[in-house]
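In order, the protein sequences belong to chains A and B.
Per my numbering, the first sequence starts with residue 13, numbered consecutively.
Per my numbering, the second sequence starts with residue 2, numbered consecutively.
Positions of the beta carbon are idealized from the N, C-alpha and C atoms, including for glycine.
Below: the structure, in structure tokens.
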Amino acid sequence: MNFFCLGINHRTAPLETREKLWFSEKEIQSVVPSLRQKQINDCVLVSTCNRTELYYTTREGSANGEPLWKRLAEHKQAVGAVREEHLYSIPSLNAVKHLFNVASGIDSMVLGDIQIVSQIRDAYAIARSLSATGAVTNRIFDTALRVAKRARTETEISEGAVSLSYAAAELSSKIFSDLSKRTALLIGSGETGKLTAKHLVGKNIGTLLLANRTRQHAEDLAALLRGRVVDFDRIAAELEAVDIVISSVDAPSYILSEQDLRRAMKLRGARPLFIIDIGVPRNIDPAANSIESVFLHNLDTLNFVIGKNLRRRASEVPKIRRIILGELIQFNRWHASLEANPTIEELRGRLEEIRRQEVEHHLRRFSPDERREIDVLTKRIVNKILHTPTINLKNGSDTHQTLRDKISLVRHLFGLDRRNSG
Amino acid sequence: MKLPIILCEIALPLLYFATIWVYARAFFSNIRPAERLSTPLLFATLLTHGFYIVMRTAELRHPPITSVFEIFSLMAFTVTLVYACIEWRLKIKSTGYFILILPFFFQLVSSIFIREVSEVPPILQSNLLGFHVSSALLGYAAITISAVYGFLYLMLYHEIKFSRFGVVYKRLPNLEMLERMSFTATLFGFIFLTIAIIAGIVWLPRITQEVSYTDPKLFGTFVIWLIYGAGLAAKRLRHWQGRRMMVLSVFGFATAMFSMTVINIFLSGFHKFY
Numbered sequence: 013m014n015f016f017c018l019g020i021n022h023r024t025a026p027l028e029t030r031e032k033l034w035f036s037e038k039e040i041q042s043v044v045p046s047l048r049q050k051q052i053n054d055c056v057l058v059s060t061c062n063r064t065e066l067y068y069t070t071r072e073g074s075a076n077g078e079p080l081w082k083r084l085a086e087h088k089q090a091v092g093a094v095r096e097e098h099l100y101s102i103p104s105l106n107a108v109k110h111l112f113n114v115a116s117g118i119d120s121m122v123l124g125d126i127q128i129v130s131q132i133r134d135a136y137a138i139a140r141s142l143s144a145t146g147a148v149t150n151r152i153f154d155t156a157l158r159v160a161k162r163a164r165t166e167t168e169i170s171e172g173a174v175s176l177s178y179a180a181a182e183l184s185s186k187i188f189s190d191l192s193k194r195t196a197l198l199i200g201s202g203e204t205g206k207l208t209a210k211h212l213v214g215k216n217i218g219t220l221l222l223a224n225r226t227r228q229h230a231e232d233l234a235a236l237l238r239g240r241v242v243d244f245d246r247i248a249a250e251l252e253a254v255d256i257v258i259s260s261v262d263a264p265s266y267i268l269s270e271q272d273l274r275r276a277m278k279l280r281g282a283r284p285l286f287i288i289d290i291g292v293p294r295n296i297d298p299a300a301n302s303i304e305s306v307f308l309h310n311l312d313t314l315n316f317v318i319g320k321n322l323r324r325r326a327s328e329v330p331k332i333r334r335i336i337l338g339e340l341i342q343f344n345r346w347h348a349s350l351e352a353n354p355t356i357e358e359l360r361g362r363l364e365e366i367r368r369q370e371v372e373h374h375l376r377r378f379s380p381d382e383r384r385e386i387d388v389l390t391k392r393i394v395n396k397i398l399h400t401p402t403i404n405l406k407n408g409s410d411t412h413q414t415l416r417d418k419i420s421l422v423r424h425l426f427g428l429d430r431r432n433s434g
Numbered sequence: 002m003k004l005p006i007i008l009c010e011i012a013l014p015l016l017y018f019a020t021i022w023v024y025a026r027a028f029f030s031n032i033r034p035a036e037r038l039s040t041p042l043l044f045a046t047l048l049t050h051g052f053y054i055v056m057r058t059a060e061l062r063h064p065p066i067t068s069v070f071e072i073f074s075l076m077a078f079t080v081t082l083v084y085a086c087i088e089w090r091l092k093i094k095s096t097g098y099f100i101l102i103l104p105f106f107f108q109l110v111s112s113i114f115i116r117e118v119s120e121v122p123p124i125l126q127s128n129l130l131g132f133h134v135s136s137a138l139l140g141y142a143a144i145t146i147s148a149v150y151g152f153l154y155l156m157l158y159h160e161i162k163f164s165r166f167g168v169v170y171k172r173l174p175n176l177e178m179l180e181r182m183s184f185t186a187t188l189f190g191f192i193f194l195t196i197a198i199i200a201g202i203v204w205l206p207r208i209t210q211e212v213s214y215t216d217p218k219l220f221g222t223f224v225i226w227l228i229y230g231a232g233l234a235a236k237r238l239r240h241w242q243g244r245r246m247m248v249l250s251v252f253g254f255a256t257a258m259f260s261m262t263v264i265n266i267f268l269s270g271f272h273k274f275y
């Protein structure tokens with residue numbers, strides 16, 4: 013099969029090399045037509061932070077010439093920084109399989125990360141808008157997007173949080189069903205804490221409060237996340253009204269004691285209080301977890317959740333491999349059935365020729381109106397005769413050998429080879 | 002007895018088993034086709050059971066309350082009915098397995114042992130008594146479901162609190178939702194128990210002279226009604242919620258089961274018919 017993948021990813025090159033070959037949407041739109049000027053026919057360029065991959069078909073007799081990777085590197089003025097050993101080239105059906113692996117998320121840096129699907133979809137859309145894809149490439153990418161959808165809906169490959177901030181947000185959603193009615197308090201401005209707060213904002217948290225020893229830091233973050241600043245000294249007093257606390261402070265001792273939380277819980281009744289302590293050393297007295305309706309978790313819990321989710325995702329990989337295998341078999345059958353196209357065309361041409369000759373031979377016996385009717389009628393007969401053999405030749409369920417035998421039989425029966433050679 | 006009734010008695014335990022099996026597959030293995038099939042199968046089971054009750058009532062010319070095994074079947078139906086209402090209302094299927102296992106056992110025992118009672122006392126043929134018993138059963142079915150949700154809440158509560166993130170954590174809805182489901186079921190239960198008590202106190206003396214307000218079952222039901230009433234009042238007035246309410250729900254159910262068992266086995270009164 014004339015289909016290839018040339019790529020660079022997190023396994024073959026470090027970030028500083030990968031970023032040299034990163035193409036923006038605008039750059040893709042300019043590089044695709046220039047690549048097609050020489051060796052390449054179809055061309056889809058996928059570029060993300062972890063990989064840049066060029067899926068392409070070549071023109072016949074275009075094996076020689078400047079290596080493609082060099083042309084890509086030249087386009088980004090990265091020759092020297094990017095070397096041949098950073099890239100991989102995958103031919104034929106293996107390239108198709110590779111694309112399916114990428115689309116399903118099992119080739120991602122974080123297993124099951126399926127953000128790549130939208131990037132593949134965008135790259136494919138750009139290629140189509142530039143008329144840079146043909147029937148085979150279209151079929152491959154449509155199937156890849158279907159594989160991605162099936163992986164997402166039929167398996168749990170992308171389920172469960174695999175980053176600290178997502179794990180914290182996921183835990184909170186196991187306690188509260190409607191975050192829009194909840195209040196979260198972010199104490200400190202540690203990176204993970206900020207990301208967790210961002211995820212909560214993304215999940216439509218009702219109110220976000222921010223407290224920091226340096227008030228200006230809290231105000232800056234509040235402006236970014238549309239939160240409200242509270243005094244750092246008043247965090248214990250705020251506990252009565254908040255439902256989620258994310259603490260990420262660099263402090264030598266606990267900033268909230270068990271007593272603080274007991275007092276707060278007395279005022280709160282039995283309303284659950286979810287606390288994520290991301291500080292090292294810990295910010296909240298761990299004894300507070302013994303208080304009813306207080307759920308206190310720390311980095312260990314989050315890492316445990318992430319580990320568990322990653323193991324769960326890994327256990328889904330065999331299911332996805334089965335989906336990919338099934339789609340590959342179907343694709344291969346379809347592709348093999350394309351071999352029948354020239355024979356079908358020749359057969360159609362042969363029958364059309366016979367029809368035309370016979371109609372012309374007897375045409376003088378009929379009036380002009382009758383001639384038109386005869387023309388339509390005989391064409392319909394030919395089409396009906398050809399319908400079943402065409403379906404049978406293109407049904408896609410034959411093995412490669414059976415299909416070849418069928419093609420050879422049809423050519424022999426209708427004398428297509430003899431006619432060509434004659 | 003008519004063939005459709007006998008066929009239903011054979012089919013119902015099988016249907017309940019198939020339903021809980023599908024719900025179990027959806028819960029433990031997250032099989033999508035099982036999840037899609039679960040609700041239609043639940044409603045098919047419910048319809049078959051409804052058809053069976055109507056057929057039996059029509060054929061035997063009395064409501065199906067004349068033996069313990071008829072009551073078991075009615076209990077299975079009411080638990081399933083209340084669960085179906087909650088699933089339909091809240092669109093959450095992941096708790097079905099834990100609830101439907103109860104009607105399966107009720108119906109299995111009923112189907113194995115149910116016989117046609119040869120002489121039915123006139124009082125048990127009363128449709129008004131049928132209404133009273135049906136309301137009471139709906140009430141008990143609802144508080145049973147409320148307790149199951151309470152129990153699931155407590156399981157999930159402990160999984161989250163002590164960082165044991167197992168299948169319960171993975172599949173169950175969140176704590177707030179479980180609490181809502183338990184509360185909805187409690188509310189159903191309280192309303193139906195109230196109707197049953199009113200029907201019992203006000204209407205039944207018109208039918209029989211044997212009514213006694215010191216009857217142990219009447220007293221037991223009233224105590225249970227008070228416990229749930231107090232719980233609802235505490236939620237409304239004292240803003241009780243979370244684990245405390247769930248413990249109360251499980252406690253209320255345990256009290257109800259204990260009281261009903263003790264009363265039925267050891268005490269006698271006009272309420273004891275078989």
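{"Asked": "Taking only beta-carbon atoms, is N216(A) less than 8 Å away from chain B?", "Found": "no"}
{"Asked": "Can a CB atom of chain B be found closer than 8 Å to the CB of K331(A)?", "Found": "no"}
{"Asked": "Say whether chain A places a C-beta atom closer than 8 Å to the C-beta of K236(B).", "Found": "no"}
{"Asked": "Cα-Cα, which of A231(B), L194(B), K171(B) and F259(B) is closest to R324(A)?", "Found": "K171(B)"}
{"Asked": "On the three-pair Cβ rule with 8 Å, is the region 306 to 323 of chain A touching the region 171 to 188 of chain A?", "Found": "yes"}
{"Asked": "Buried or exposed for G19(A), please, with buried defined as at least 16 other CB atoms from any protein chain shown within 10 angstroms of its CB.", "Found": "buried"}
{"Asked": "Quick one: what's got a C-beta closer than 7 Å to R280(A)'s C-beta in the same chain, skipping five residues either side?", "Found": "E252"}
{"Asked": "Determine the direct distance from the alpha carbon of K82(A) to that of V148(A), and round the result to whole angstroms.", "Found": "26 Å"}
{"Asked": "At the 8 Å Cβ level, is R283(A) part of the contact set with chain B, yes or no?", "Found": "yes"}
{"Asked": "Count the other CB atoms within 10 Å of the CB of L130(B); is the residue buried (16 or more) or exposed (fewer)?", "Found": "buried"}
{"Asked": "Put D381(A) into one of helix, strand or coil per three-state DSSP.", "Found": "helix"}
{"Asked": "With a threshold of 8 Å between beta-carbons, can M182(B) be considered close to chain A, or not?", "Found": "no"}
{"Asked": "Please confirm whether S185(A) has its beta-carbon closer than 8 Å to some beta-carbon of chain B.", "Found": "yes"}
{"Asked": "With a CB to CB cut of under 7 Å and the five nearest residues on each side skipped, what residues in its chain are close to M13(A)?", "Found": "S104, L105 and H347"}
{"Asked": "Could you work out which residues of chain B lie near S305(A), taking near to mean beta carbons separated by less than 7 Å?", "Found": "G243 and R244"}
{"Asked": "Is H159(B) helix, strand or coil by DSSP?", "Found": "helix"}
{"Asked": "Roughly how many whole angstroms lie between the Cα atoms of A263(A) and M121(A)?", "Found": "34 Å"}
{"Asked": "Taking the alpha-carbon positions, what's the G140(B) to L38(B) distance?", "Found": "28 Å"}
{"Asked": "Out of curiosity, what's the CA-to-CA distance linking S30(B) and L103(B)?", "Found": "21 Å"}
{"Asked": "What span of residues does the beta strand (DSSP E) with D289(A) cover, start to end?", "Found": "L285 to D289"}
{"Asked": "Please decide whether M178(B) counts as near chain A, where near means a Cβ-Cβ distance under 8 Å.", "Found": "yes"}
{"Asked": "Quick one: measure Cβ to Cβ for R196(A) and L220(A), integer angstroms, because I've assumed they're closer than 8 Å.", "Found": "Inspection of the sequence shows that residue 196(A) is occupied by Ala rather than by Arg. Confirmed, Cβ separation roughly 5 Å."}
{"Asked": "In chain order, which continuous runs of the alpha helix (DSSP H) of length 4 or greater are located wholly inside the region 62 to 105 of chain A?", "Found": "80 to 87"}
{"Asked": "Quick check on DSSP: helix, strand or coil for G434(A)?", "Found": "Low local confidence applies: a pLDDT of 45 at G434(A) is under 50, so the model's placement there is unreliable, and no value is given."}
{"Asked": "Compare the Cα-Cα distances from V23(B) to each of F132(B), A197(B), E36(B) and T262(B) and report the closest residue.", "Found": "E36(B)"}
{"Asked": "So, with DSSP's three-state summary, where would you put V306(A)?", "Found": "strand"}
{"Asked": "Using beta carbons (cut-off 8 Å, strictly below), is F166(B) in contact with chain A?", "Found": "yes"}
{"Asked": "What does DSSP give as the partner residue(s) for L435(A) in the beta ladder?", "Found": "Any property of residue 435(A) remains undetermined from this structure, which presents chain A solely from 13 to 434."}
{"Asked": "In angstroms, rounded to a whole number, what distance separates the CA positions of G146(A) and V58(A)?", "Found": "17 Å"}
{"Asked": "Using a C-beta to C-beta distance shorter than 8 Å, which residues of chain A count as neighbours of H277(B)?", "Found": "Nothing in the structure corresponds to residue 277(B), since chain B is present only between 2 and 275."}
{"Asked": "From I138(A) to E166(A), what does the alpha carbon distance come to, in whole angstroms?", "Found": "28 Å"}
{"Asked": "Step through the CB atoms of chain A and report whether any lies within less than 8 Å of the CB of H283(B).", "Found": "With chain B represented from 2 up to 275, any question about residue 283(B) goes unanswered, as that position is not in the structure."}
{"Asked": "Whose Cβ in chain B lies nearer than 7 Å to the Cβ of F188(A)?", "Found": "N175 and E177"}
{"Asked": "Nearest to F193(B) by alpha carbon, out of V80(B), K3(B), R244(B) and R57(B)?", "Found": "V80(B)"}
{"Asked": "Am I right that L314(A) and A179(A) are in contact with their C-beta atoms under 8 Å? What's the rounded C-beta distance?", "Found": "4 Å"}
{"Asked": "Applying the 10 Å Cβ sphere with the 16-neighbour rule, what's the burial state of G434(A)?", "Found": "With a pLDDT of 45 at G434(A), under the threshold of 50, the modelled position of that residue is not reliable, and the figure given next carries that caveat. Exposed, since its Cβ has fewer than 16 Cβ neighbours within 10 Å."}
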